[in-house]
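Engineer: My questions all concern the structure below.
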Amino acid sequence: MKYVFYVVGILILTLGISFTIQSDLGTSPFDALLVGLSIKVGLTVGSWEVIIALILIGCNSFLTRQRPEVLGLLTAFITGISIDMWLFLLHHLITPELWYSKVVCFGIGLVVIGLGTATYLHTNFAPIPVDRLTLIIQELTRTNLFLSRTFIYLVFLIIALILKGPIGVGTLLTVCLAGLILNYFMPFTKKVLDRILTDSSPSPNYDKDKNHSI
Numbered sequence: 010m011k012y013v014f015y016v017v018g019i020l021i022l023t024l025g026i027s028f029t030i031q032s033d034l035g036t037s038p039f040d041a042l043l044v045g046l047s048i049k050v051g052l053t054v055g056s057w058e059v060i061i062a063l064i065l066i067g068c069n070s071f072l073t074r075q076r077p078e079v080l081g082l083l084t085a086f087i088t089g090i091s092i093d094m095w096l097f098l099l100h101h102l103i104t105p106e107l108w109y110s111k112v113v114c115f116g117i118g119l120v121v122i123g124l125g126t127a128t129y130l131h132t133n134f135a136p137i138p139v140d141r142l143t144l145i146i147q148e149l150t151r152t153n154l155f156l157s158r159t160f161i162y163l164v165f166l167i168i169a170l171i172l173k174g175p176i177g178v179g180t181l182l183t184v185c186l187a188g189l190i191l192n193y194f195m196p197f198t199k200k201v202l203d204r205i206l207t208d209s210s211p212s213p214n215y216d217k218d219k220n221h222s223i
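Quick note: the sequence shown uses the working numbering, first residue 10, plus one each step.
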């Protein structure tokens, strides 16, 4: 069951990313980096998601002094395909022109990103390398998700500016609010998903000799 929430979480996350891109107000620093690379170098936004993931997997391995989490590449691959899929579907459906419609589109995207990220992270299965890096920095610095996420976003913001990615007021809002939104949704999704996963687990009398992990 947790794998279902893993995929659903990624689909929700990438839908939110696509909303922010379509809002034309600026994306998160990481997504701005992906879009900037796509425009300047070529390939799709989703393709760069996978390429950058490879680099981050190596970085995460170095910080934790552990073997590379190759499953993170699977998540990045699914994320990349999902981003390209949502962008293709939303390209003609959602093209806000007025400023307030752009704000609404961006706001929806920002909240949906937080919900999707919290949902799939709670499954504890192959986090996206950038999200894994967030958790690693949180653990190493003994801070919360808000501070670690904000730090990472600031680093990517500098790189995105160099590549002239789609930086705007939305980018600033993402840097300031994304970590806070994620920090809000984490306990919420934990409570809901724990209840669902517990209810869906086999009865101890049915399978008492096996260990079940969630």
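Virtual Cβ for every residue (Gly too), placed ideally from N, Cα, C.
Should Ile-223 be labelled buried (16 or more other beta-carbon atoms within 10 Å of its own) or exposed?
Structural biologist: Bear in mind that a pLDDT of 31 at Ile-223, under 50, signals an unreliable position, so the number given afterwards is only what the model happens to contain. Exposed, because fewer than 16 other Cβ atoms sit within 10 Å of the Cβ of Ile-223.
Engineer: At what residues does the alpha helix (DSSP H) containing Leu-83 begin and finish?
Structural biologist: Residues 80-99.
Engineer: Quick one: what does DSSP say Ala-135 is sitting in, helix, strand or coil?
Structural biologist: Coil, per DSSP.
Engineer: At the level of alpha carbons, what is the spacing between Gly-35 and Leu-166?
Structural biologist: Near 11 angstroms, if we compare the C-alpha coordinates of Leu-166 and Gly-35.
Engineer: At which residue ranges does the segment 12-49 contain complete alpha helix (DSSP H) runs of 4 or more residues, listed in the order of the chain?
Structural biologist: Runs of the alpha helix (DSSP H) inside the segment 12-49: 38-49.
Engineer: From the DSSP output, in three-state form, read off Gly-116 for me.
Structural biologist: Helix, per DSSP.
Engineer: Count the other CB atoms within 10 Å of the CB of Ser-37; is the residue buried (16 or more) or exposed (fewer)?
Structural biologist: Counting Cβ neighbours within 10 Å, Ser-37 comes out buried, since at least 16 surround it.
Engineer: In chain order, what residues of the same chain have a beta carbon less than 7 angstroms from the beta carbon of Gly-89, not counting five sequence neighbours either side?
Structural biologist: The answer, listed in chain order, is Gly-55, Ser-56, Glu-58 and Val-59.
Engineer: Note down the Cα distance separating Ser-110 from Thr-29, rounded to an integer number of angstroms.
Structural biologist: Looking at the two C-alpha atoms, the distance is approximately 12 angstroms.
Engineer: State the Cα-Cα distance for the pair Thr-53 and Gly-45, rounded to the nearest angstrom.
Structural biologist: Each residue's alpha carbon lies about 10 angstroms from the other.
Engineer: So, are the CB atoms of Pro-138 and Ile-66 less than 8 angstroms apart?
Structural biologist: Taking 8 angstroms as the Cβ cut-off, Pro-138 and Ile-66 qualify as a contacting pair.
Engineer: Using a Cβ distance threshold of 8 angstroms, determine whether the segment 175-191 contacts the segment 137-156, with at least three qualifying pairs required.
Structural biologist: Counting Cβ pairs under 8 angstroms, three or more are found: they touch.
Engineer: Where does Thr-73 sit, in a helix, a strand or coil, going by DSSP?
Structural biologist: In the structure shown, Thr-73 sits in a helix (DSSP, three-state: H, G or I).
Engineer: Go through its chain and collect everything with a Cβ distance to Ser-70's Cβ below 8 angstroms, but skip five positions before and after it.
Structural biologist: Hits under 8 angstroms: Arg-76, Pro-77 and Glu-78.
Engineer: Indicate whether Leu-124 and Ile-21 have their beta-carbon atoms separated by less than 8 angstroms.
Structural biologist: Against a cut-off of 8 angstroms, the Cβ pair of Ile-21 and Leu-124 comes out as a contact.
Engineer: Helix, strand or coil for Leu-102? Go by DSSP, reduced to three states.
Structural biologist: In this structure, Leu-102 counts as coil in the three-state DSSP scheme.
Engineer: Check whether the Cβ atoms of Ile-176 and Ala-85 lie closer than 8 angstroms to each other.
Structural biologist: Contact: no.
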